[in-house]
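Participant:
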Amino acid sequence: MLLAFDTTLDLCSVALLDNAGRLVAHISRPMARGHAEALVPMIDEALREAATGMDALKRIAVTTGPGTFTGVRVGVSAARGLALGLKLPVAGITSLDMLAGAVVFSGADREGSKILAAIDARRNQAYLALYEAGEATSGYPLRCLAAPAVVALEDARVWLNGNCAAGEEVRVMGSAAEILSAQDDRLRCATVDLTPDAGVVARLAACLPAPGWTGKPRALYLRAPDAKLPAGIK
Amino acid sequence: MASVTILGIETSCDETAAAIVRADTAGNDANPSASNGAGGNERILSSLVLSQIDEHKLYGGVVPEIAARAHMDHLDRLIEAALEEAGIGINDVDAVAATAGPGLIGGVLVGVVTAKALSLAAAKPFIAVNHLEGHALSARLVEDVAFPYLLLLISGGHCQLLAVEGVGQYKRLGTTMDDAAGEAFDKTAKLMGLGYPGGPAVEKAAARGRAGRFALPRPLIRSDNCNFSFSGLKTAVRRQVETLRAAGELDGRAEADLAAEFQAAICDCLADRSARAMAVFRGAHEFSGPEKPAFVVAGGVAANSAIKNRLQSLASEESFRFVAPPVWLCTDNAAMIAWAGIERFQLGLTDPLDAPARARWPLDETSGPVVGSGRRGAKV
Numbered sequence: 007m008l009l010a011f012d013t014t015l016d017l018c019s020v021a022l023l024d025n026a027g028r029l030v031a032h033i034s035r036p037m038a039r040g041h042a043e044a045l046v047p048m049i050d051e052a053l054r055e056a057a058t059g060m061d062a063l064k065r066i067a068v069t070t071g072p073g074t075f076t077g078v079r080v081g082v083s084a085a086r087g088l089a090l091g092l093k094l095p096v097a098g099i100t101s102l103d104m105l106a107g108a109v110v111f112s113g114a115d116r117e118g119s120k121i122l123a124a125i126d127a128r129r130n131q132a133y134l135a136l137y138e139a140g141e142a143t144s145g146y147p148l149r150c151l152a153a154p155a156v157v158a159l160e161d162a163r164v165w166l167n168g169n170c171a172a173g174e175e176v177r178v179m180g181s182a183a184e185i186l187s188a189q190d191d192r193l194r195c196a197t198v199d200l201t202p203d204a205g206v207v208a209r210l211a212a213c214l215p216a217p218g219w220t221g222k223p224r225a226l227y228l229r230a231p232d233a234k235l236p237a238g239i240k
Numbered sequence: 061m062a063s064v065t066i067l068g069i070e071t072s073c074d075e076t077a078a079a080i081v082r083a084d085t086a087g088n089d090a091n092p093s094a095s096n097g098a099g100g101n102e103r104i105l106s107s108l109v110l111s112q113i114d115e116h117k118l119y120g121g122v123v124p125e126i127a128a129r130a131h132m133d134h135l136d137r138l139i140e141a142a143l144e145e146a147g148i149g150i151n152d153v154d155a156v157a158a159t160a161g162p163g164l165i166g167g168v169l170v171g172v173v174t175a176k177a178l179s180l181a182a183a184k185p186f187i188a189v190n191h192l193e194g195h196a197l198s199a200r201l202v203e204d205v206a207f208p209y210l211l212l213l214i215s216g217g218h219c220q221l222l223a224v225e226g227v228g229q230y231k232r233l234g235t236t237m238d239d240a241a242g243e244a245f246d247k248t249a250k251l252m253g254l255g256y257p258g259g260p261a262v263e264k265a266a267a268r269g270r271a272g273r274f275a276l277p278r279p280l281i282r283s284d285n286c287n288f289s290f291s292g293l294k295t296a297v298r299r300q301v302e303t304l305r306a307a308g309e310l311d312g313r314a315e316a317d318l319a320a321e322f323q324a325a326i327c328d329c330l331a332d333r334s335a336r337a338m339a340v341f342r343g344a345h346e347f348s349g350p351e352k353p354a355f356v357v358a359g360g361v362a363a364n365s366a367i368k369n370r371l372q373s374l375a376s377e378e379s380f381r382f383v384a385p386p387v388w389l390c391t392d393n394a395a396m397i398a399w400a401g402i403e404r405f406q407l408g409l410t411d412p413l414d415a416p417a418r419a420r421w422p423l424d425e426t427s428g429p430v431v432g433s434g435r436r437g438a439k440v
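Chains as they are written, first to last, in this note's numbering: chain A, 7 to 240; chain B, 61 to 440.
1) Could you tell me which uninterrupted beta strand (DSSP E) segments, each at least 3 residues in length, are contained entirely in the segment 320 to 370 of chain B, listed from first to last along the chain?
2) Taking any Cβ of chain B, which residues in the segment 67 to 93 of chain A have a Cβ under 8 Å from it, in chain order?
3) Would you say B/G253 lies against chain A (beta-carbon separation less than 8 Å)?
4) For chain A, find out if any of its Cβ atoms is closer than 8 Å to the Cβ of B/T174; answer yes or no.
5) Enumerate in chain order the residues of its own chain whose CB-to-CB distance from B/Q323 is below 8 Å, with the five nearest sequence positions on each side excluded.
6) At the level of alpha carbons, what is the spacing between A/L210 and B/V122?
7) How would you label A/I33, buried or exposed, when you count the other beta carbons within 10 angstroms and need 16 or more for buried?
8) Do B/S111 and B/A79 count as a contact pair if the criterion is CB distance below 8 Å?
9) Closer than 7 Å by C-beta to A/D103: which residues in its own chain qualify, once you throw out the five before and the five after it? Chain order, please.
10) Rounded to a whole number of angstroms, what is the C-alpha to C-alpha distance between B/R420 and B/L192?
11) Could one say the Cβ of B/G147 lies closer than 8 Å to chain A's Cβ atoms, at least one of them?
12) Helix, strand or coil for B/C286, going by three-state DSSP, please let me know.
13) Of all the options B/A183, B/V205, B/A196, B/D84, which has the alpha carbon lying nearest to the alpha carbon of B/L211?
14) List the residues of chain B that A/A43 touches, going by C-beta distances under 7 Å, in chain order.
15) Would you call the segment 161 to 174 of chain B in contact with the segment 65 to 73 of chain B, where contact means no fewer than 3 C-beta pairs closer than 8 Å?
16) By the 7 Å beta-carbon criterion, what residues does the segment 121 to 133 of chain B contribute toward chain A?
17) Out of B/L330, B/G163, B/A358, which one is the CA nearest neighbour of B/N287?
18) Would B/G258 count as contacting chain A if we go by Cβ distances under 8 Å?
19) Rounded to the nearest angstrom, what separates B/K231 and A/A233 at their Cα positions?
20) Run through chain B and tell me which residues come within less than 7 Å of A/V176, C-beta to C-beta.
21) Would you verify that the beta carbon of A/I99 is, or is not, closer than 8 Å to some beta carbon of chain B?
22) If you run the structure through DSSP and keep just helix, strand and coil, what is B/G58?
23) In the DSSP assignment, find the unbroken beta strand (DSSP E) run with B/V383 in it and report its ends.
24) Counting Cβ pairs closer than 8 Å, one from the segment 370 to 380 of chain B and one from the segment 245 to 255 of chain B, do we hit at least three?
25) If you draw a straight line from the alpha carbon of A/N25 to that of B/L423, how long is it in whole angstroms?
26) Helix, strand or coil: which one does DSSP assign to B/C390?
27) State the Cα-Cα distance for the pair A/M48 and B/F186, rounded to the nearest angstrom.
28) Note the first and the last residue of the continuous beta strand (DSSP E) segment covering A/L134.
29) Helix, strand or coil for A/I49, going by three-state DSSP, please let me know.
30) Would you mind reading off the limits of the alpha helix (DSSP H) that contains B/Q300?
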């Protein structure tokens, strides 16, 4: 059984995937804040829903960000805590992978089509990563063409140019999809029938090759902490 | 012999800490203090503290986001090491206790969520510990101290006088209206360019200096309550520093003398306010027989030896038994959180997995912040 959860964006979600790849529990709730209180009981709830226990868990997958700093830490802390207690392998999946995964798993994808995952990072910036659907050899359904980065909205077009020819169509998914598609003709908002949440994370993780399961998940903030050097005493 | 073993986790400020503490439960369960004979060091199976001082030094204070990130990077490895040093596995603990506030919320969340996940994984109860209760009960980890006792809690974030009547039972007698005592040390050190953290830096400079050369105020001294105020003292230090600097007279000698005067002012304030609290405490609690009531001084500022000596003399003048936990137990650590966990666990006090992390969490919930004239009030 694979346990996956996501707390990086505006949902709190938990999913359990059995060894045959079926979602046996899937809880997803809109949540702007309060993930720290909700997540662990929700994992417990998912286990009950699947009529299973901790001992059935074999692997844990968590989204590592980018997203809200607090949300990122809630998920990664919970994953590390569970892994420590259960001695299980953990995989970190970025929230951008999750967004692109929702597009891929929604079907109607031809090999090689491009997907831009775009999260509104406020301050007129977006967290971006560019993907290509399909990867025959590894089994993971996404190939990352441009690594996660925080990009000013006005620079998004230039950022995309390096990996995307003029006139090439790219589907864009995430909270910054609308604003970006309005300023770049290549971008078209993706239509999906899957919510980008723990259910997608579980399915992505199930495809993740062995090397993805070794180390500890590390938070992906993409932004330095806000800290100013002291200018004097207040 | 029956015993209880608790994993404690502390992440509320700039120290990441994990500890395993074990206590005997033999004897009278209704009165955990009855079995308090063993020394604390035998109870502490491991206590690891990872300081983030270097990460914050550049900024002259703790940066919350940097702290939260560092806690997350290190906590699980530290817990692993604490278990290993104690020679036990997670399944051997009876409960997982973590600081759930008050403190920097980003860091607190890391500790709380990790603890909850561990507790779910190992099917052990979770205990949400008030960081201040950790300090408040820490004396009982290392010494036989019966309830009720008078507590002076002085740290970087807190400055309070409390009557500790039992686990979870606190009556606040006084608190700061603005800065905490440790905050005053940090700000003074920063003003004088003595470095960070400010407590040890000021103490070191003060040791070379002479109090009395400069005149600093003793805010609220002799006022008819048990409250503190340190922001005026800090402002007076700033004015003095500015005057000296303008005159080109802020040399090592002046720094040392000013630090000494500042430390003397803090000592006077703490002693005066504590003396008043002792009278209030005696009036509210009956003590018969030869047993003196205990005056416990806890928190990071209690590591300052001038302060400790001054409060010790006060206790002996006022017929209180002076109790100051060792310095390593006064600064932030997880052994005190595990110990508070043990005290709560023995009373059946555990918490649900949706228990919140709280940035603000007063020990005495009935007492609101104290606001002085024109001030914004204390942060806690």
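Even for Gly, the Cβ is constructed at its ideal location relative to N, Cα and C.
Facilitator: To lay it out plainly:
1) Scanning the segment 320 to 370 of chain B for uninterrupted beta strand (DSSP E) segments of 3 residues or longer gives 354 to 358, listed from N- to C-terminal end.
2) Within the segment 67 to 93 of chain A, F75, T76, R79, V80, V82, S83, A84, A85, R86, G87, L88, A89, L90, G91, L92 place their CB atoms closer than 8 Å to a CB of chain B, listed in sequence order.
3) Within the second sequence, residue 253 of chain B is the residue found at index 193, counting from 1. Cβ-Cβ to chain A under 8 Å: no for B/G253.
4) Counting from one through the second sequence, the residue named residue 174 of chain B turns up at place 114. Yes, B/T174 counts as interfacial toward chain A.
5) Start at 1 with the first residue of the second sequence, and residue 323 of chain B comes out as number 263. By the criterion of a C-beta distance shorter than 8 Å, B/Q323 is surrounded in its chain by V262, E263, A266, A271, N364, A366, I367, once the five residues flanking it on both sides are discounted.
6) Looking up residue 210 of chain A in the first sequence gives position 204. Looking up residue 122 of chain B in the second sequence gives position 62. Rounded to whole angstroms, A/L210 to B/V122 spans 38 Å at the Cα level.
7) For the purposes of this step, residue 33 of chain A is identified with residue 27 of the first sequence, where counting begins at 1. With 16 or more other Cβ atoms within 10 Å, it is buried.
8) Locating residue 79 of chain B in the second sequence gives position 19, counting from the first residue. Locating residue 111 of chain B in the second sequence gives position 51, counting from the first residue. Taking 8 Å as the Cβ cut-off, B/A79 and B/S111 do not qualify as a contacting pair.
9) Locating residue 103 of chain A in the first sequence gives position 97, where the first residue counts as 1. Answer for A/D103: L148, L210, listed in chain order.
10) As a position in the second sequence, residue 420 of chain B is number 360, starting the count at 1. As a position in the second sequence, residue 192 of chain B is number 132, starting the count at 1. Spanning the two alpha carbons is a distance of roughly 11 Å.
11) Residue mapping note: residue 147 of chain B aligns to position 87 of the second sequence, counting from 1. Judged by the 8 Å Cβ criterion, B/G147 is not in contact with chain A.
12) As a position in the second sequence, residue 286 of chain B is number 226, starting the count at 1. Coil, per DSSP.
13) In the second sequence, the residue the question calls residue 211 of chain B occupies position 151. By alpha-carbon distance to B/L211, the top candidate from B/A183, B/V205, B/A196, B/D84 is B/A196.
14) As a first step, residue 43 of chain A is located in the first sequence; it is residue number 37 there, counting from the start. Before going on, a small fix: residue 43 of chain A reads as Glu here, not Ala. Within 7 Å Cβ-Cβ: D414, P416.
15) Taking 8 Å as the limit for Cβ pairs, the verdict is that the segment 65 to 73 of chain B does touch the segment 161 to 174 of chain B.
16) Per Cβ criterion, the list reads V123, E125, I126, A128, R129, M132.
17) Along the second sequence, one-based indexing puts residue 287 of chain B at 227. Out of B/L330, B/G163, B/A358, B/L330 has the C-alpha closest to the C-alpha of B/N287.
18) Taking the second sequence and counting its residues from 1, the one referred to as residue 258 of chain B is at position 198. For B/G258, the answer is no, since every Cβ of chain A falls outside 8 Å of its Cβ.
19) Looking up residue 231 of chain B in the second sequence gives position 171. Looking up residue 233 of chain A in the first sequence gives position 227. Cα to Cα, B/K231 sits roughly 37 Å from A/A233.
20) Along the first sequence, one-based indexing puts residue 176 of chain A at 170. Within chain B, no residue comes near A/V176; the closest Cβ sits about 33 Å away, beyond 7 Å.
21) If you number the first sequence from 1, residue 99 of chain A lands on position 93. For A/I99, the answer is no, since every Cβ of chain B falls outside 8 Å of its Cβ.
22) In the structure as shown, chain B begins at 61 and stops at 440. Residue 58 of chain B is therefore absent and cannot be evaluated.
23) Mapped onto the second sequence, residue 383 of chain B falls at position 323. Counted as a single uninterrupted DSSP element, the beta strand (DSSP E) harbouring B/V383 occupies residues 381 to 383.
24) Of all C-beta pairs linking the segment 370 to 380 of chain B to the segment 245 to 255 of chain B, fewer than three are shorter than 8 Å, placing the two stretches out of contact.
25) In the first sequence, counting from the first residue as 1, residue 25 of chain A sits at position 19. In the second sequence, counting from the first residue as 1, residue 423 of chain B sits at position 363. Those two C-alpha atoms are separated by around 48 Å.
26) One-based indexing of the second sequence puts residue 390 of chain B at position 330. Helix at B/C390.
27) If you number the first sequence from 1, residue 48 of chain A lands on position 42. If you number the second sequence from 1, residue 186 of chain B lands on position 126. The straight-line gap from Cα to Cα measures roughly 16 Å.
28) Counting from one through the first sequence, the residue named residue 134 of chain A turns up at place 128. A/L134 -> beta strand (DSSP E) spans 131 to 139.
29) To locate residue 49 of chain A, count along the first sequence from 1; it is residue 43. Residue state, collapsed to three classes: helix.
30) As a first step, residue 300 of chain B must be located in the second sequence, where it is residue number 240. Start and end: 291 to 306.
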